[in-house]
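What follows is one structure encoded as structure tokens, with my remarks underneath.
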Ligand SMILES: [Fe+2]
Ligand SMILES: [Fe+2]
């Protein structure tokens with residue numbers, strides 16, 4: 130698949146921006162929940178604070194593109210505010226490794242999500258594609274950092290990450306439309 134050809138459906142870039150902004154917003158809320166629980170000087174909380182800084186940059190960029198292109202945000206923002214914070218706080222309360230497993234699971238889904246968007250966009254919107262490419266690389270770095278920090282040592286890792294990945298897929302599906 131490479132881009133739009135006559136007869137193809139044009140990628141719905143408003144929906145892409147909406148779901149991406151929702152996802153980056155959710156990421157900042159997850160990390161806010163984790164940082165509210167973890168102590169500020171542990172290696173895990175330093176890593177989370179660094180990743181959170183990048184999520185805030187991603188979010189600011191999608192906010193800007195949405196304003197420029199007059200795309201409305203998802204109506205589910207208040208839900209992601211609470212759900213993201215709760216997921217972050219809950220995983221951090223389980224353990225630092227569980228907080229890492231949360232990032233591992235979320236970024237695995239986001240990598241696939243951004244990859245599919247890039248395929249769908251092809252050469253259609255180089256401005257948006259460049260941002261997605263850059264952010265995707267940083268999300269993969271988050272996933273790898275979380276794995277290095279011991280995500281897989283979490284008790285119940287397969288079940289926990291599977292559940293979080295399902296939740297991500299549901300959130301992505303909803304934020305595209307609503
Ligand atoms: Fe991000
Ligand atoms: Fe991330």
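Numbering (my numbering), first residue to last: 130 to 307. Every residue gets a Cβ at the ideal spot worked out from N, C-alpha and C, and that includes glycine. Treat the numbers as computed from the prediction; the structure is a model and nothing was measured.
query	result
Take residue 168 and list the residues in its own chain whose beta-carbon comes closer than 8 Å to its own, dropping the five residues that flank it on each side.	174
Mind listing, in chain order, the residues whose beta carbon lies closer than 6 Å to a non-hydrogen atom of ligand 2?	156, 180, 184, 236, 268, 271
Does the distance from the C-beta atom of residue 147 to that of residue 257 stay below 8 Å?	no
Would you please state the rounded distance, in angstroms, between the beta carbons of residue 281 and residue 209? I believe it to be under 8 Å.	At roughly 27 Å, the Cβ-Cβ gap does not stay under 8 Å, so residue 281 and residue 209 are not in contact.
What separation, rounded to the nearest whole angstrom, lies between the Cα atoms of residue 193 and residue 144?	15 Å
Counting only beta-carbon separations shorter than 8 Å, does residue 212 have a partner in chain B?	Among the chains of the structure shown, chain B does not appear; only one protein chain is present.
Counting Cβ pairs, one atom from each stretch, are 3 or more of them under 8 Å apart for the stretch 242-249 and the stretch 212-221?	no
When you measure from the CB of residue 187 to every non-hydrogen atom of ligand 1, does any distance come out below 7 Å?	yes
If you run the structure through DSSP and keep just helix, strand and coil, what is residue 266?	helix
Could you check what DSSP says for residue 140 in three-state terms: helix, strand or coil?	coil
Quick check: what's the CA-CA separation for residue 286 versus residue 227?	8 Å
Measure the alpha-carbon distance for residue 202 versus residue 305 and round it to whole angstroms.	10 Å
Kindly confirm or deny that the stretch 266-273 and the stretch 179-191 touch, where touching means at least three C-beta pairs closer than 8 Å.	yes
Going by C-alpha distance, which of 220, 241, 238 is nearest residue 231?	220
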